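No gaps in the numbering here: position 131 of the sequence shown is 121 in the numbering used here, and each next residue is one more. Following: one structure in C-alpha coordinates, then a few remarks.
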Amino acid sequence: MTKVNFTVDVMKEYKIARIKGIAPDWPNIHSLNIDSYILVPDPGISAKAQICYDNDALYVRLTAKEKNILKRYTGLLDPVANDSCLEFFFCPIWGDDRYFNFEFNPLGAMYIGFGHGMHDLVRQVPQNGKSLFGVVTFDVPDGWGISFRIPYSFIRMYFPAFAPKSGVKIRANCQKCGDETEQPHYISWNPITNKTPTFHWPKDYGCMIFE
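Structure below.
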(Lines of atoms letter the chains of each structure in order from A and count residues from 1; the text may use other names and numbers.)
(Lines give C-alpha, C1' and ligand atoms only; values in the text may rest on other atoms or scores of the structure.)
Protein backbone atom coordinates (compact mmCIF):
# COMPACT_ATOMS: atom_id res chain seq x y z
CA MET A 1 0.00 0.00 0.00
CA THR A 2 1.26 3.48 -0.89
CA LYS A 3 0.31 6.38 1.34
CA VAL A 4 -0.14 9.60 -0.58
CA ASN A 5 -0.88 13.22 0.19
CA PHE A 6 -4.14 13.89 -1.62
CA THR A 7 -3.58 17.58 -2.41
CA VAL A 8 -4.69 18.92 -5.78
CA ASP A 9 -5.44 22.33 -7.23
CA VAL A 10 -9.14 21.51 -7.57
CA MET A 11 -11.03 19.12 -5.33
CA LYS A 12 -14.78 19.08 -5.72
CA GLU A 13 -16.96 17.64 -2.97
CA TYR A 14 -20.07 15.47 -3.14
CA LYS A 15 -22.13 14.13 -0.26
CA ILE A 16 -23.11 10.48 -0.51
CA ALA A 17 -26.68 10.19 0.77
CA ARG A 18 -27.57 7.44 3.21
CA ILE A 19 -30.71 5.57 2.20
CA LYS A 20 -33.24 3.34 3.88
CA GLY A 21 -35.45 0.89 2.08
CA ILE A 22 -35.18 -1.77 -0.56
CA ALA A 23 -33.79 0.38 -3.39
CA PRO A 24 -32.50 3.93 -3.93
CA ASP A 25 -35.13 6.58 -4.59
CA TRP A 26 -33.09 8.12 -7.41
CA PRO A 27 -35.34 11.15 -8.06
CA ASN A 28 -34.50 12.29 -4.53
CA ILE A 29 -30.74 11.62 -4.67
CA HIS A 30 -28.75 14.73 -5.58
CA SER A 31 -26.57 14.53 -8.68
CA LEU A 32 -23.16 15.78 -9.77
CA ASN A 33 -22.26 17.04 -13.23
CA ILE A 34 -19.60 15.32 -15.30
CA ASP A 35 -18.48 18.40 -17.21
CA SER A 36 -14.69 18.83 -17.19
CA TYR A 37 -13.29 18.19 -20.68
CA ILE A 38 -9.76 17.01 -21.52
CA LEU A 39 -7.86 16.40 -24.77
CA VAL A 40 -10.76 17.51 -26.99
CA PRO A 41 -13.22 20.43 -26.77
CA ASP A 42 -16.84 20.19 -25.63
CA PRO A 43 -18.35 17.32 -27.68
CA GLY A 44 -21.93 18.33 -26.93
CA ILE A 45 -22.35 15.41 -24.54
CA SER A 46 -23.55 15.87 -20.96
CA ALA A 47 -23.45 13.37 -18.12
CA LYS A 48 -24.44 13.09 -14.47
CA ALA A 49 -23.82 10.76 -11.54
CA GLN A 50 -25.67 9.92 -8.34
CA ILE A 51 -24.21 7.90 -5.47
CA CYS A 52 -25.80 6.70 -2.23
CA TYR A 53 -25.24 3.99 0.37
CA ASP A 54 -26.80 1.78 3.02
CA ASN A 55 -25.51 -0.87 5.41
CA ASP A 56 -24.55 -3.26 2.63
CA ALA A 57 -23.41 -1.45 -0.50
CA LEU A 58 -22.66 1.66 -2.49
CA TYR A 59 -25.21 2.43 -5.22
CA VAL A 60 -24.23 4.30 -8.37
CA ARG A 61 -26.38 5.71 -11.17
CA LEU A 62 -24.73 7.26 -14.24
CA THR A 63 -26.53 8.91 -17.17
CA ALA A 64 -25.45 10.57 -20.40
CA LYS A 65 -27.13 12.64 -23.07
CA GLU A 66 -25.39 11.46 -26.21
CA LYS A 67 -26.80 11.52 -29.73
CA ASN A 68 -24.55 9.03 -31.52
CA ILE A 69 -24.36 6.16 -29.06
CA LEU A 70 -21.85 3.41 -29.86
CA LYS A 71 -22.62 0.01 -28.33
CA ARG A 72 -20.88 -3.07 -29.67
CA TYR A 73 -19.15 -5.01 -26.93
CA THR A 74 -20.79 -7.69 -24.81
CA GLY A 75 -17.90 -9.99 -23.90
CA LEU A 76 -16.39 -10.49 -20.47
CA LEU A 77 -12.98 -9.13 -21.49
CA ASP A 78 -14.01 -6.58 -24.12
CA PRO A 79 -12.62 -2.99 -24.13
CA VAL A 80 -15.81 -1.19 -23.13
CA ALA A 81 -14.15 2.27 -23.11
CA ASN A 82 -13.94 2.08 -26.90
CA ASP A 83 -17.76 2.23 -26.96
CA SER A 84 -19.86 4.94 -25.37
CA CYS A 85 -18.82 4.51 -21.76
CA LEU A 86 -19.69 5.73 -18.26
CA GLU A 87 -17.27 5.22 -15.38
CA PHE A 88 -16.89 5.41 -11.59
CA PHE A 89 -13.37 5.31 -10.07
CA PHE A 90 -12.78 5.41 -6.31
CA CYS A 91 -10.18 4.93 -3.57
CA PRO A 92 -12.07 3.34 -0.64
CA ILE A 93 -9.53 4.39 2.01
CA TRP A 94 -8.44 8.03 2.25
CA GLY A 95 -4.67 8.33 1.84
CA ASP A 96 -4.34 4.95 0.08
CA ASP A 97 -3.96 5.46 -3.67
CA ARG A 98 -5.22 2.01 -4.67
CA TYR A 99 -8.50 2.34 -6.52
CA PHE A 100 -11.24 0.45 -8.31
CA ASN A 101 -12.42 1.50 -11.76
CA PHE A 102 -15.90 0.47 -12.87
CA GLU A 103 -16.56 1.06 -16.57
CA PHE A 104 -19.75 0.25 -18.51
CA ASN A 105 -21.09 0.53 -22.05
CA PRO A 106 -24.82 0.85 -22.94
CA LEU A 107 -25.16 -2.94 -23.25
CA GLY A 108 -24.04 -3.48 -19.66
CA ALA A 109 -20.63 -4.89 -20.59
CA MET A 110 -18.27 -3.94 -17.78
CA TYR A 111 -14.62 -3.53 -16.99
CA ILE A 112 -13.48 -3.61 -13.38
CA GLY A 113 -9.87 -2.84 -12.57
CA PHE A 114 -7.84 -2.52 -9.38
CA GLY A 115 -4.43 -0.97 -8.79
CA HIS A 116 -2.42 2.21 -8.25
CA GLY A 117 -2.58 3.30 -11.90
CA MET A 118 -2.34 2.06 -15.47
CA HIS A 119 1.13 0.63 -14.80
CA ASP A 120 -0.15 -2.07 -12.43
CA LEU A 121 -3.89 -2.16 -13.02
CA VAL A 122 -5.27 -5.70 -12.74
CA ARG A 123 -8.59 -6.56 -14.33
CA GLN A 124 -11.07 -8.13 -11.92
CA VAL A 125 -13.46 -10.76 -13.28
CA PRO A 126 -15.85 -11.73 -10.45
CA GLN A 127 -18.03 -14.76 -11.01
CA ASN A 128 -21.56 -13.72 -12.03
CA GLY A 129 -20.44 -10.09 -12.08
CA LYS A 130 -23.63 -8.59 -13.50
CA SER A 131 -25.69 -10.27 -10.80
CA LEU A 132 -23.22 -9.44 -8.02
CA PHE A 133 -23.21 -5.76 -8.96
CA GLY A 134 -26.89 -5.56 -9.93
CA VAL A 135 -26.13 -4.00 -13.32
CA VAL A 136 -29.14 -2.36 -14.99
CA THR A 137 -29.06 -0.42 -18.27
CA PHE A 138 -31.80 1.98 -19.33
CA ASP A 139 -32.67 4.74 -21.78
CA VAL A 140 -33.05 8.42 -20.93
CA PRO A 141 -34.22 11.20 -23.29
CA ASP A 142 -31.49 11.62 -25.93
CA GLY A 143 -29.20 9.19 -24.18
CA TRP A 144 -28.62 6.23 -21.92
CA GLY A 145 -27.80 5.24 -18.37
CA ILE A 146 -26.60 2.51 -16.07
CA SER A 147 -27.07 1.72 -12.40
CA PHE A 148 -25.17 -0.75 -10.25
CA ARG A 149 -24.23 -1.58 -6.68
CA ILE A 150 -20.83 -2.28 -5.11
CA PRO A 151 -21.23 -4.62 -2.12
CA TYR A 152 -18.99 -3.90 0.85
CA SER A 153 -18.17 -7.61 0.88
CA PHE A 154 -16.42 -7.09 -2.47
CA ILE A 155 -14.58 -3.94 -1.35
CA ARG A 156 -13.43 -5.57 1.90
CA MET A 157 -11.71 -8.39 0.04
CA TYR A 158 -9.12 -5.70 -0.81
CA PHE A 159 -9.73 -3.18 2.01
CA PRO A 160 -10.79 -5.06 5.17
CA ALA A 161 -10.94 -1.80 7.15
CA PHE A 162 -13.47 -0.15 4.83
CA ALA A 163 -16.30 1.12 7.05
CA PRO A 164 -18.57 3.78 5.53
CA LYS A 165 -20.34 5.95 8.08
CA SER A 166 -21.29 9.58 8.50
CA GLY A 167 -18.30 11.87 7.99
CA VAL A 168 -16.02 9.30 6.36
CA LYS A 169 -14.37 10.51 3.15
CA ILE A 170 -13.27 8.68 0.02
CA ARG A 171 -11.59 9.87 -3.15
CA ALA A 172 -13.54 9.34 -6.38
CA ASN A 173 -14.17 10.55 -9.90
CA CYS A 174 -16.92 9.96 -12.45
CA GLN A 175 -16.24 9.98 -16.16
CA LYS A 176 -17.82 9.85 -19.61
CA CYS A 177 -15.69 8.73 -22.54
CA GLY A 178 -15.73 6.93 -25.87
CA ASP A 179 -12.44 6.20 -27.61
CA GLU A 180 -13.94 5.02 -30.90
CA THR A 181 -17.21 6.95 -30.97
CA GLU A 182 -18.09 9.30 -33.80
CA GLN A 183 -16.75 12.12 -31.66
CA PRO A 184 -14.12 10.77 -29.22
CA HIS A 185 -14.46 12.46 -25.84
CA TYR A 186 -13.06 12.42 -22.31
CA ILE A 187 -15.09 14.14 -19.59
CA SER A 188 -14.74 13.98 -15.80
CA TRP A 189 -16.42 15.33 -12.68
CA ASN A 190 -13.25 16.46 -10.92
CA PRO A 191 -10.84 18.19 -13.33
CA ILE A 192 -7.82 16.27 -14.63
CA THR A 193 -4.61 18.23 -13.93
CA ASN A 194 -1.94 15.61 -14.61
CA LYS A 195 0.52 16.75 -17.32
CA THR A 196 -0.17 13.49 -19.15
CA PRO A 197 -3.99 13.47 -19.00
CA THR A 198 -5.44 10.24 -17.70
CA PHE A 199 -8.41 9.18 -15.62
CA HIS A 200 -6.10 6.72 -13.83
CA TRP A 201 -4.54 9.30 -11.50
CA PRO A 202 -6.00 9.24 -7.95
CA LYS A 203 -4.50 12.62 -7.06
CA ASP A 204 -7.04 14.14 -9.47
CA TYR A 205 -10.05 12.53 -7.81
CA GLY A 206 -12.59 14.59 -5.89
CA CYS A 207 -13.77 14.16 -2.31
CA MET A 208 -16.95 12.24 -1.50
CA ILE A 209 -18.31 12.36 2.04
CA PHE A 210 -20.76 9.88 3.54
CA GLU A 211 -23.75 11.65 5.09
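Yeah, the Cβ is synthetic: ideal placement off N, Cα and C, and Gly gets one too. As the structure is a computational prediction, the values presented were derived from the model and not from experiment.
Going by Cα to Cα distance, which pick from the options is closest to residue i?
| i | options | result |
| --- | --- | --- |
| K185 | L29, Y101, I140 | L29 |
| V126 | P154, W179, R146, L76 | L76 |
| P131 | N18, A37, E170, P69 | A37 |
| A71 | P116, E93, R8 | E93 |
| D169 | V158, L60, H106 | L60 |
| F128 | V115, P96, G105, I145 | P96 |
| G157 | T64, R62, W84 | W84 |
| F144 | W179, M108, P116 | P116 |
| D25 | C164, Y43, I9 | C164 |
| H175 | T183, A162, F189 | F189 |
How is residue i classed by DSSP in three states: helix, strand or coil?
| i | result |
| --- | --- |
| D129 | strand |
| G196 | strand |
| V70 | helix |
| W134 | strand |
| L97 | coil |
| L111 | coil |
| Y89 | strand |
| G168 | strand |
| G11 | coil |
| T(-8) | Annotation note: pLDDT 43 at T(-8) (below 50); position unreliable, no value reported. |
| F144 | helix |
Roughly how many whole angstroms lie between the Cα atoms of residue i and residue j?
| i | j | result |
| --- | --- | --- |
| D46 | A151 | 14 Å |
| L66 | G11 | 32 Å |
| N118 | G124 | 10 Å |
| Y49 | P31 | 31 Å |
| E3 | E172 | 32 Å |
| D110 | Y27 | 26 Å |
| L52 | S137 | 6 Å |
| P154 | K57 | 37 Å |
| K90 | S74 | One detail in the question is off: residue 90 reads as Phe in this sequence, not Lys. Distance between the alpha carbons of F90 and S74 is about 20 Å. |
| L122 | I102 | 13 Å |
| Y148 | G105 | 10 Å |
| F80 | R62 | 26 Å |
| I35 | R146 | 35 Å |
| K166 | V0 | 19 Å |
| R8 | S21 | 14 Å |
| M108 | W191 | 9 Å |
Let me know if residue i comes out buried or exposed under the rule of 16 or more other beta-carbons within 10 Å of its beta-carbon.
| i | result |
| --- | --- |
| Y195 | buried |
| A39 | buried |
| A54 | buried |
| R113 | exposed |
| I140 | buried |
| D15 | exposed |
| G135 | buried |
| P187 | exposed |
Taking 9 Å as the threshold (beta carbon to beta carbon), is residue i in contact with chain D?
| i | result |
| --- | --- |
| F189 | The displayed structure is made up of one protein chain only, and chain D is not part of it. |
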